[in-house]
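Numbered as in the working numbering, the sequence shown ends at 524 without a single skipped number. Ideal placement from N, C-alpha and C gives every residue a C-beta, glycine not left out. Step one of this worksheet: look at the structure below.
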Amino acid sequence: MTIATPSETILEFSDNRHLALLCGEYDRNLAMIEDRLQVHVLHRGNRLSVIGDPEGQKAAVRVLNALYARLEAGRSVDRGDIDRELRMGAPAAAATGRQMEMFAEGGRVEIQTRRKLVEPRTEAQKAYVRNLHDHELAFGIGPAGTGKTYLAVAVGVSMFLGGHVDKIILSRPAVEAGERLGFLPGDMKEKVDPYMQPLYDALNDFLPQKQVQKMLEEKVIEIAPLAFMRGRTLSNAYVVLDEAQNATTMQMKMFLTRLGEGSRMVITGDRTQVDLPRGTNSGLIEAERLLKGIDRISFNYFTAKDVVRHPLVAAIIAAYDAEAEGQ
198 MTIATPSETI
208 LEFSDNRHLA
218 LLCGEYDRNL
228 AMIEDRLQVH
238 VLHRGNRLSV
248 IGDPEGQKAA
258 VRVLNALYAR
268 LEAGRSVDRG
278 DIDRELRMGA
288 PAAAATGRQM
298 EMFAEGGRVE
308 IQTRRKLVEP
318 RTEAQKAYVR
328 NLHDHELAFG
338 IGPAGTGKTY
348 LAVAVGVSMF
358 LGGHVDKIIL
368 SRPAVEAGER
378 LGFLPGDMKE
388 KVDPYMQPLY
398 DALNDFLPQK
408 QVQKMLEEKV
418 IEIAPLAFMR
428 GRTLSNAYVV
438 LDEAQNATTM
448 QMKMFLTRLG
458 EGSRMVITGD
468 RTQVDLPRGT
478 NSGLIEAERL
488 LKGIDRISFN
498 YFTAKDVVRH
508 PLVAAIIAAY
518 DAEAEGQ
């Protein structure tokens with residue numbers, strides 16, 4: 198039940214258990230909504246009272262109802278879910294099956310993996326996931342923390358679980374290591390693994406750790422430096438090149454031409470964080486220039502508004518962007 202007046206909107210919920218989960222421990226979920234929408238939300242029994250300006254009330258009521266609907270559908274509510282509703286405000290929808298669920302235009306996009314349901318939090322992320330599903334070659338370009346790699350790996354896991362591809366291949370240029378790589382202890386895998394760790398972290402978010410380990414041993418999942426891709430033809434695979442701004446033009450051409458039958462390829466990178474030696478062109482920037490306009494290739498762009506890490510990360514990126522524009 199909803200009762201609205203010019204200064205206050207009262208929401209009444211039938212299930213106190215769901216309401217308690219909606220509010221969070223010590224009402225911290227309500228505090229997050231209050232802070233973002235500049236309203237006050239008072240918890241009285243099985244009612245929530247939303248106080249603030251009309252637009253703030255309307256937005257808060259929408260978010261609260263959407264989150265409560267998630268709980269009624271048997272799903273959880275965490276800070277990421279709240280952040281997504283605050284950013285997107287789409288109606289809640291339940292997911293079924295283990296494959297990526299693509300809903301009607303304007304609806305929710307969801308990616309089901311073994312360990313969690315992944316939902317884009319911004320419109321740019323939603324468009325990106327749709328393009329990962331619809332295009333054989335997709336680019337995700339933007340600053341750190343915008344979910345480019347995370348969402349790409351999630352879609353790859355979903356496609357593998359759904360039987361659309363036979364293997365997942367994740368790659369990165371090992372540019373950060375440079376000549377120092379040879380001085381690190383251990384064999385080649387032990388030297389390279391620190392630079393591949395973000396890819397391992399993403400996989401472990403979507404699949405049980407023992408399953409990831411088994412799939413790595415069976416080469417169903419491969420994580421390797423970009424240089425190891427030379428000479429291969431990647432068929433029936435989901436292939437991700439992360440940190441692509443650190444690939445040279447020749448490396449990028451080499452990687453792109455590995456695409457085989459039944460495969461999908463995703464290129465992610467940040468044009469502002471090129472670590473290549475001075476005077477060496479970034480393969481990501483060159484590919485963007487050369488490949489735009491080709492059918493079946495999509496380009497998705499992210500900004501500081503799409504950052505889904507700590508709010509300060511967005512502010513930091515915006516400050517650096519402003520400084521770069523000033524120069």
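- The shortest C-alpha to C-alpha distance from ALA335 to any of ARG475, GLY490 and LYS313 is the one to GLY490.
- For the pair of segments examined, the segment 443-454 was found to touch the segment 474-481: the number of CB pairs separated by less than 8 angstroms reaches three.
- Taking the C-beta atoms as reference points, ALA351 is found nearer than 8 angstroms to THR310.
- In the DSSP secondary-structure assignment, TYR223 is not bridged to any residue.
- A distance below 7 angstroms between beta-carbons, with the five flanking residues on each side excluded, links GLN442 to the following residues of its chain, in chain order: GLY466, ASP467, ARG468, GLN470, VAL471, SER479 and LEU481.
- Where HIS330 is concerned, the enclosing alpha helix (DSSP H) starts and stops at 320-331.
- When Cβ pairs closer than 8 angstroms are counted between the two stretches, the segment 205-212 is seen to touch the segment 243-256, the count reaching three or more.
- With distances taken between CA atoms, LEU456 lies nearest to ALA434 out of VAL409, GLU483 and ALA434.
- Taking ILE514 as the centre and dropping the five residues before and after it, the same chain places the C-beta of PRO340 and ALA501 closer than 6 angstroms to its C-beta, in chain order.
- Taking LEU314 as reference, the option from LEU264, GLU282, PHE403 and ASN262 with the minimal CA-CA separation is PHE403.
- Taking each of GLY523, ALA399 and LEU453 in turn and checking the Cα distance to ALA484, the smallest one comes out for LEU453.
- Excluding the 5 residues flanking it on each side, VAL260 has same chain C-beta neighbours closer than 8 angstroms at ILE230, LEU234, ILE279, GLU282, LEU283 and GLY286, in chain order.
- Cα atoms of VAL504 and ILE494: separation of roughly 24 angstroms, rounded to the nearest angstrom.
- The beta-carbon distance between ILE338 and TYR517, rounded to whole angstroms, is 16 angstroms. This is too long to meet the 8 angstroms contact definition.
- THR445 has its alpha-carbon roughly 24 angstroms from the corresponding atom of SER432.
- Look at the beta carbons and you see the segment 408-426 touching the segment 359-367: at least three pairs across the two are nearer than 8 angstroms.
- One thing to note: SER368 has its Cβ within 8 angstroms of the Cβ of LEU423.
- The residue among PRO370, GLN322 and LEU268 with its C-alpha nearest the C-alpha of LEU473 is PRO370.
- Beta-bridge partners of LEU456 (DSSP): LEU431.
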